[in-house]
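Structure record follows, encoded as structure tokens.
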Amino acid sequence: MKIEQTVLDQIRSRPRFQISTGLSREEYIDGLRKFLAEHSHEFSGNINSEVAIFTVKTAHNEYWKPNLALRTEIDLLEGRTIVRGIFGPSSAVWTFFMFLYFVFGILWMVFMTIWFVEKQIKSADFPWALSLSFLMLFGVLATYLLSIMGQIKARSEMEKLREFAEQSILSVAETAGQP
Numbered sequence: 027m028k029i030e031q032t033v034l035d036q037i038r039s040r041p042r043f044q045i046s047t048g049l050s051r052e053e054y055i056d057g058l059r060k061f062l063a064e065h066s067h068e069f070s071g072n073i074n075s076e077v078a079i080f081t082v083k084t085a086h087n088e089y090w091k092p093n094l095a096l097r098t099e100i101d102l103l104e105g106r107t108i109v110r111g112i113f114g115p116s117s118a119v120w121t122f123f124m125f126l127y128f129v130f131g132i133l134w135m136v137f138m139t140i141w142f143v144e145k146q147i148k149s150a151d152f153p154w155a156l157s158l159s160f161l162m163l164f165g166v167l168a169t170y171l172l173s174i175m176g177q178i179k180a181r182s183e184m185e186k187l188r189e190f191a192e193q194s195i196l197s198v199a200e201t202a203g204q205p
């Protein structure tokens with residue numbers, strides 16, 4: 027069993043990891059279902075034939091509640107199953123943050139263009155354009171800081187989810203008699 031993690035994985039906003047195992051996809055999925063049933067007091071999840079999504083059960087539900095998505099692939103060259111994991115917020119939260127970055131970025135470009143054109147034609151019709159462009163940059167910065175705060179608050183849950191992924195594979199491998 028080989029667990030790979032690089033420095034880049036640690037600094038991404040959605041850390042990833044990869045685990046290679048000799049188990050078949052079906053053995054891993056069945057073992058994962060049993061492992062989740064044994065740990066249902068601490069974790070909740072949804073498992074299908076290719077993707078499994080897990081969260082840590084907590085008393086509070088923060089906006090950046092991390093999910094662990096496990097995707098199984100079959101490496102035909104080595105005949106092994108590769109489990110790829112990715113941590114991150116729910117897809118709705120991820121999409122919302124990307125939407126905010128997009129809106130603030132586009133509005134910043136619009137206001138900077140208005141300001142620049144105003145300066146080029148020596149007009150004074152849009153004195154507010156430069157101020158609003160700086161406000162949009164502040165919006166981008168605020169969105170980024172909110173995402174960092176969410177990641178910091180969710181770090182312990184992400185560590186639990188990482189342990190869950192590793193322990194589930196070790197448990198399934200032991201049950202199947204695989205190394």
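The working numbering applies: residue 27 is where the sequence shown begins, and numbers increase by one.
Every residue gets a Cβ at the ideal spot worked out from N, C-alpha and C, and that includes glycine.
Values in this document were obtained by computation on a predicted structure and should not be read as measured data.
For G165, the enclosing alpha helix (DSSP H) begins and ends at 155-179. Under DSSP, A78 shares a beta bridge with I73, L96. Ranking W120, G114, H86, F160 by CA distance to the CA of L96 puts G114 first. For L58, the CB contacts under 8 Å within the same chain, skipping 5 residues up- and downstream, are I73, A78, L96, S194, V198 in chain order. Annotated three-state conformation of S46 is strand, per DSSP. Following the DSSP letters along the chain, one finds G131 inside the alpha helix (DSSP H) bounded by residues 117-146. Taking A155 as reference, the option from G111, T139, R181 with the minimal CA-CA separation is T139. In summary, L49 is buried, with 16 or more beta-carbon neighbours lying within 10 Å of its beta-carbon over all protein chains present. In the displayed model, F190 falls within a helix according to three-state DSSP. Taking C-beta atoms as the reference points, M175 and W134 fail to come closer than 9 Å. In this structure, the beta-carbon distance from L94 to A191 falls below 9 Å. Looking at K91, S46, I55, the one whose alpha-carbon comes closest to that of G105 is S46. Per DSSP, reduced to three states, the secondary structure at T107 is strand. Per the DSSP secondary-structure output, D101 pairs in a beta bridge with R106.
Contact annotation: F123 and T169 have beta-carbon atoms nearer than 9 Å.
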